[in-house]
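A.B. asks: The sequence shown begins at 118 in this note's numbering and counts up by one.
We put the beta carbon where it would ideally sit given N, CA and C, even for glycine.
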Amino acid sequence: MFDLVDVIKSHSDKPDSENLHTMVLFHQSEECKSFVEEACRFEGLELPKTLVNNDKNIHEHARENSSCTIIIELTRSQNVSEDMQRISHLLPNNTSVIVVGTEGTICTIRNLKTLGFHYLFWPACQEEFVELLHNLRPTQANNVKLSPTRKAKNIAILGAKGGVGTSFFASQLAQNLAGKHNSSCVVADYNFTGGNLDILLNVENFSKRNVSSAEVSTTLDTTYAMSMTQDVNKLLSLLSIESDTLNEPEMRDILRTVINALSTQFNFIVEDFSSTSSCKEQLEYIAKNADIVLLVMDKTVSSLREAKRLLDALQSHNSVARHITILNNTRPEKAATVSDQEVKSFLEESPDITCAYESGLSQAILNAKALNTQRLQVNNTVEQLTSLVLGKPYTKRSAIKLKQWLKKA
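(1) Taking the continuous alpha helix (DSSP H) assigned at Ala291, which residues delimit it?
(2) Shortest alpha-carbon distance to Phe159 belongs to which of Phe463, Cys242 and Asn171?
(3) According to DSSP, is Phe143 helix, strand or coil?
(4) Whose CA, out of Gly233, Ala424 and Gln494, lies closest to the CA of Ser476?
(5) Could you tell me the boundaries of the alpha helix (DSSP H) in which His440 lies?
(6) Can you look up Tyr402 in the DSSP assignment and give me helix, strand or coil?
(7) Take Ile443 as the anchor and find which of Ser433, Ala430, Thr454 and Tyr474 has the nearest alpha-carbon.
(8) Can you give, in chain order, each stretch of the alpha helix (DSSP H) that sits fully within the region 463-509 and has at least 4 residues?
(9) What are the boundary residues of the beta strand (DSSP E) that Ser198 is part of?
(10) Quick one, which of Ser357, Thr219 and Lys268 has its alpha-carbon nearest Leu232's?
(11) With a CB to CB cut of under 8 Å and the five nearest residues on each side skipped, what residues in its chain are close to Ser380?
(12) Secondary structure at Asp348, three-state DSSP: helix, strand or coil?
(13) Nearest CA to the CA of Cys302: which residue from Ala273, Lys325 and Ala404?
(14) Enumerate in chain order the residues of its own chain whose CB-to-CB distance from Asn259 is below 7 Å, with the five nearest sequence positions on each side excluded.
(15) Between Ala277 and Val413, which are expected to be in contact by the criterion C-beta below 8 Å, what is the C-beta distance as a whole number of angstroms?
(16) Spell out a yes or no on whether the region 303-315 and the region 344-364 are touching, meaning 3 or more CB-CB pairs, one atom from each, closer than 8 Å.
(17) Apart from the five residues on each side of it in sequence, which residues of its chain come closer than 7 Å, Cβ to Cβ, to Thr60?
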């Protein structure tokens, strides 16, 4: 028997996910907000969710519905390209983004196209805006990208030798990008026989994905590539493989194929090269593909010599990546075999980041909770590193606050 009450109740009980907005507008002016709303009303389209354009709102709401269209007004921006580059890590790669700005230069249009964004010159006419919206809607429905696809920033992390903390910084950087900066990340593990990334990322019931050459082709489907990763949390995944039949070069080729397929699904790909030898082929790959190179070393002669060799080798391979050097004090200062001045003199520059020795770190790693949730001084260093990667200023804790923080710890 037809029951109107049950029908009404069933509709009211539908999850909010079915009623998500198909469009979100981050606006700087009431004029742009009114323009977008009027155009949508005229075309009979759903009105967008409107929010003031600031980093906090974009951070909190840009990922609410990855299938929606995001409109970002930058009519008050001094440099549209730089502003979009700065916030690009907050935007899902599979979301269509329209940037509204007053810069009419070809350079701006090209830069935004390279980043994978659509540009609407302001002031705009409704017909132009509506046409762009209609072009995007079937694109999303068919899961076909219009204009260049936004790809992940590739971060390569190298260690000058084993035991300097390469995997530690790879894991904590990824956790910080995902947890504190709302950026999707995947950590790619080049250790095909062991490694501790699962411990550092606090992944339970972990096992490497066993692969064979037959199941991976050079044109890998993104859905299949995603199935090879293991979720750490909503925005962070781990890609770690092993094989009973393949040798290391073959495994490396497969891993790179999967990484390439995943590049449109994440904001950042963090490649942990801690266990691989820095051979010529490997350095050529890093020089060609990495957007940022992190080089971790400690205060030993062998570490400094290898760090210098790696920096020179990357330069000889014409690497255009940003290089960030990390001096990790893996032992107490009195046990170091070289001084800070000798490090600077040998490298011909000061390290970008110096990480102080922390005696309780080993025990903290074994605790059954994420390192970034524990009271550790090294977390400040990781936040400083994250700021450098994102190109943001880093505000150091005041001495008083730091002493209070350490006392609580």
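C.D. replies: Let me lay it out:
(1) Thr283 to Gly296
(2) Cys242
(3) strand
(4) Gln494
(5) Careful: His440 lies outside any alpha helix (DSSP H), inside the beta strand (DSSP E) at Arg439 to Asn445.
(6) helix
(7) Tyr474
(8) 478-483 and 495-507
(9) Element bounds for Ser198: not the beta strand (DSSP E) but the alpha helix (DSSP H), Val197 to Ile204.
(10) Lys268
(11) Lys268, Ala269, Asn271 and Ile386
(12) strand
(13) Ala273
(14) Only weak support is given to the placement of Asn259: the predicted model assigns it a pLDDT of 46, under 50, and the question is left unresolved by the model.
(15) 7 Å
(16) yes
(17) Because the chain in this structure spans residues 118 to 526, residue 60 falls outside the shown range and cannot be described.
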